Amino acid sequence: MGASISRDNCQCVATPQLEPMPAATDPLALDSRLVKPQRWEPKLFGWTLLTQFSNPWEFPLPSPLRYLMFLMSSRYRNRPPVPDPRELDIRLPVTRPDFSLSLGDNKSVSVTWLGHASCLFTFSNEVRVLFDPLLGSRASPVSWIGPQRQRPAPCSPEQLPNLLAVCISHNHFDHMDRATLNQLRELQPWLHFYVPVGDAWWMTKYCGVPANQVHELSWWESVVLPESNLEIIFTPSSHWSGRNLFDKNCSLWGSYVLRHGNSAVFFGGDTGYQADVFKQIGRLYGPMKLAAIPIGAYQPRDVFEAQHVSPIEAVKIHQDVKSEKSVGIHWGTFCLSTTEALLQPPDDLKSALDEAGLPRDCFVTVRPGGSLTV
Numbered sequence: 001m002g003a004s005i006s007r008d009n010c011q012c013v014a015t016p017q018l019e020p021m022p023a024a025t026d027p028l029a030l031d032s033r034l035v036k037p038q039r040w041e042p043k044l045f046g047w048t049l050l051t052q053f054s055n056p057w058e059f060p061l062p063s064p065l066r067y068l069m070f071l072m073s074s075r076y077r078n079r080p081p082v083p084d085p086r087e088l089d090i091r092l093p094v095t096r097p098d099f100s101l102s103l104g105d106n107k108s109v110s111v112t113w114l115g116h117a118s119c120l121f122t123f124s125n126e127v128r129v130l131f132d133p134l135l136g137s138r139a140s141p142v143s144w145i146g147p148q149r150q151r152p153a154p155c156s157p158e159q160l161p162n163l164l165a166v167c168i169s170h171n172h173f174d175h176m177d178r179a180t181l182n183q184l185r186e187l188q189p190w191l192h193f194y195v196p197v198g199d200a201w202w203m204t205k206y207c208g209v210p211a212n213q214v215h216e217l218s219w220w221e222s223v224v225l226p227e228s229n230l231e232i233i234f235t236p237s238s239h240w241s242g243r244n245l246f247d248k249n250c251s252l253w254g255s256y257v258l259r260h261g262n263s264a265v266f267f268g269g270d271t272g273y274q275a276d277v278f279k280q281i282g283r284l285y286g287p288m289k290l291a292a293i294p295i296g297a298y299q300p301r302d303v304f305e306a307q308h309v310s311p312i313e314a315v316k317i318h319q320d321v322k323s324e325k326s327v328g329i330h331w332g333t334f335c336l337s338t339t340e341a342l343l344q345p346p347d348d349l350k351s352a353l354d355e356a357g358l359p360r361d362c363f364v365t366v367r368p369g370g371s372l373t374v
């Protein structure tokens, strides 16, 4: 694992003109009630051999053997088939987003879903932050195998508007895509990237991002971007990391809160449900004007409960972080190794809202390329 990139020389821009930016801060570090990741760093003759993180709560991932047995089981082999492309065009059409449209109100906030976990948040018509961009055809390190996109990306990296920042929740292939990140770095060379602790070296080595434009954050750390007065806060999630057999949990994972003016938004990334964690986020930073919360890749629960929330639990997160409006993400794009149907999550979300006694319009889904504005 490479050395951390220093945050002392961070820069951030709203335009290609780079301006100095203060170091990341941890204003909540003295609050012992806040959950912190556990960190293991074995040493030899004073040298740190590696760094590994773990959740500070029970996190029962299935063992490799149990997971393999699940993939060989009848419940996996008999999972629902992917609908015909013509049916998908009707049931989940893709919309080309129009990034030139004004929000109509400088106090408005919008989120545009670009498929899977990729989201673009826009504040005041000009402050734009992109999360977990994946606009290619596969969630995989190679182009010939791995989960294939079932719905086209609503836009290409070339069609994205000028961005202020890109935030990455963790380093799994369906959230940190090398090809898309490389394109963004080439198209918008002023961009700054915010990643969990342990991922900056990868961004520099494999995406060519200059060291002073990639910034690592741990849980509860925040950075204020002076040009826009946007605050980026890295908050906890219940998940894990790894891109190969040898780097499991060598970098952190998490969710994000953005604050701009009087508006706060939440991005859930990938996560299992931990009530205390999300209630802490809501207590410290809520209410949220908007939230993007995962609702897919959750069946069967005995395999995926620790790492992926169900729609029922997604509704609980919506309540815990005190979100005014939420949009469901992490569904309808890739067939991951789960057994729910590709288009099942929205129906389960509606049932979960009914069960919780909440109006269905407080937590919705949009088509790929669609937006929700508050």
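Just so you know, the UniProt record's numbering puts the end of the sequence shown at 374, numbered straight through with nothing missing. Glycine included, every Cβ here is placed at the ideal spot set by N, Cα and C. Computed from a prediction, not measured in an experiment: that's the story for all the values here.
Going by CA-CA distance only, name the one from Val-82, Pro-64, Pro-161 and Ser-110 that's closest to Val-366.
Ser-110
What three-state label does DSSP hand Gln-274 in the structure shown?
coil
Quick one: measure Cβ to Cβ for Ile-281 and Val-257, integer angstroms, because I've assumed they're closer than 8 Å.
7 Å
Kindly list the residues whose CB is nearer than 6 Å to the CB of Leu-130, restricted to its own chain and excluding five residues on each side of it in sequence; keep chain order.
Leu-120, Leu-163 and Val-166
For the putative contact between Ser-323 and Ala-356, defined by C-beta atoms under 8 Å, what is the C-beta separation to the nearest angstrom?
Not confirmed; about 13 Å, so no contact.
How close, in whole Å, do the beta carbons of Ala-338 and Ala-297 come, if the pair is a contact with beta carbons under 8 Å?
In the sequence as displayed, the identity of residue 338 is Thr instead of Ala. Contact flag correct, Cβ pair sits at about 5 Å.
Is it buried or exposed for Arg-151, if we count other Cβ within 10 angstroms and need 16 for buried?
buried
Which runs of the beta strand (DSSP E) spanning at least 3 residues fall entirely within the segment 85 to 124, listed in chain order?
109 to 113 and 119 to 123
CA-CA distance, Asn-55 and Glu-305?
14 Å
To the nearest angstrom, how far is it from the Cα of Asp-84 to the Cα of Ile-90?
10 Å
If you run the structure through DSSP and keep just helix, strand and coil, what is Ala-341?
coil
For Val-303, I'd like the list of residues in its chain whose CB is within less than 6 Å of its CB, leaving aside the five on either flank, ordered along the chain.
Excluding five sequence positions before and after Val-303, the CB atoms of its chain that fall closer than 6 Å to its own CB belong to Pro-62 and Phe-70, given in chain order.
Within this structure, are the beta carbons of Ser-140 and Phe-173 separated by less than 7 Å?
yes
Given Gly-242, which residues of its chain have a CB within under 8 Å of its CB, disregarding the five upstream and five downstream residues?
Asn-171, His-172, Lys-248, Asn-249 and Cys-250
Taking Glu-324 as part of the beta strand (DSSP E), name the residues at either end of that continuous run.
323 to 329
Kindly list the residues whose CB is nearer than 7 Å to the CB of residue 394, restricted to its own chain and excluding five residues on each side of it in sequence; keep chain order.
Outside the modelled stretch of the chain, which goes from 1 to 374, sits residue 394, for which no answer is possible.
What does a CB cutoff of less than 6 Å around Asn-125 pick up in its chain, not counting 5 residues either side in sequence?
Ser-102 and Leu-103
Residues in the same chain with beta-carbon distance under 7 Å from Thr-214, minus the five sequence neighbours each way, listed in chain order, please.
Checking the sequence shown, residue 214 turns out to be Val, not Thr. If we look at Val-214 and ignore the five residues flanking it on each side, its Cβ neighbours are Ile-5, Phe-193, Val-195, Ala-200, Met-203 and Thr-204.
Counting only C-beta atoms, is Ala-352 closer than 7 Å to chain B at any point?
The displayed structure is made up of one protein chain only, and chain B is not part of it.
Express the C-alpha separation of Leu-160 and Arg-118 in angstroms, rounding to a whole number.
A small fix is needed here, since residue 118 is Ser in this sequence, not Arg. So the two alpha carbons sit approximately 12 Å from each other.
Suppose contacts are defined by Cβ-Cβ distances below 7 Å. Is Pro-154 in contact with Leu-114 by that definition?
At a Cβ-Cβ threshold of 7 Å, Pro-154 and Leu-114 count as neighbours.
Between which two residues does the alpha helix (DSSP H) containing His-318 stretch?
His-318: member of the alpha helix (DSSP H) spanning 311 to 320, first to last residue.
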